[in-house]
């Protein structure tokens, strides 16, 4: 029997939970990332199976859980071959036939199924739902809890059973800087856009963050920061959740981890000095607007002015406004001048005005 369900699939009281995967061994976004954090043993087995070529479209990769408080089976359902590509309805149909076979063979009495191939996969929910209902029509005694697309559950409610990662000097500086910024903002939590710029400036003042920044819509952007956030999420911060990577999503440092963060910084004076420098830099610019402006102006000065040219409003403002039409509409010459002077005062752009 089909039951339309709501909430967090990972906490469903069912014999089996279905996870949507690709055949490449990546669980980087969406419900797959939630499964990766909630069931690390399943993820490790899945990666090994992908390397061996055992995870294929039209076949289920099933692992059994020994946890007393969770599902018996975790069923990895390939909805696409490569994580970059969209899902195919043919893959869903082939997979559903294999899924029903697994349910019969393993005596599964209840199963929770996400919106297969929808969301990141791009398939229409109404068509997928109809195919799931058809596939289970001959199994009326099996309770099928079917979850419609509804966005990710709150990040703080997502199970995370991964091991706590090592707190390196760079990570401590990053966490400390975001927390400092969080306290400056006060009335709201920092957005991913702002967190990106905090990490950018930490790297610019010399902290080896190993981030690959490039020119992007909202200023300097490092796609590989997502890996740092995914590893820290649930241990030192919350908000990354299913890895949606949206500029406005909120990132919050877990306050109980701060003594450890502060302890690491106290043992690393060079990193602590860089942290202090960024903490001072962001004051007065604590908003998405302010941080985008500051990051964009700095990028222009470093990457777009002729070598050796002293940055001025006359040279920087047109380049900031030429970045995109959005920035031209958003950032006035006066505001760019304020950001430029602030960067100079903090040793990140030429010589301060007299």
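Numbering (UniProt numbering), first residue to last: 1 to 354. All C-beta atoms, glycine included, are put in the ideal place defined by N, C-alpha and C.
Contact annotation: residue 78 and residue 121 have beta-carbon atoms that are not nearer than 8 angstroms. In this structure, the alpha-carbon of residue 170 lies about 12 angstroms from that of residue 262. Secondary structure at residue 11: helix, using DSSP grouped into helix, strand and coil. Boundaries of the beta strand (DSSP E) around residue 219: 219–222. Nearest to residue 349 by C-alpha distance, out of 203, 299, 273, is 299.
One Cα belongs to residue 36, the other to residue 30, and the distance between them is close to 10 angstroms. Around the C-beta of residue 332, fewer than 16 other C-beta atoms lie within 10 Å, and the residue is accordingly described as exposed. Along the length of the stretch 296–326, whole alpha helix (DSSP H) runs at least 4 residues long occupy 313–323, reported in chain order. When the beta-carbon positions are compared, residue 123 and residue 132 stay at least 8 angstroms from each other. The beta carbons of residue 342 and residue 284 sit closer together than 8 angstroms. Around the beta-carbon of residue 1, fewer than 16 other beta-carbon atoms lie within 10 Å, marking it exposed.
Taken in chain order, the whole beta strand (DSSP E) runs of length 3 or more contained in the UniProt domain "Macro" (1–153) are 2–5, 16–21, 61–64, 73–78, 110–113, 143–147. With a cutoff of 8 angstroms on beta-carbon distance, residue 125 and residue 115 are scored as near each other.
Closest in alpha carbon position to residue 43, among 27, 54, 51, is 27. Nearest C-alpha to residue 142 among 107, 345, 46, 64: 107. Under the DSSP definition of a beta bridge, residue 261 lacks any partner. The DSSP assignment places complete alpha helix (DSSP H) segments of no fewer than 4 residues inside the stretch 177–208 at 192–204, in order along the chain.
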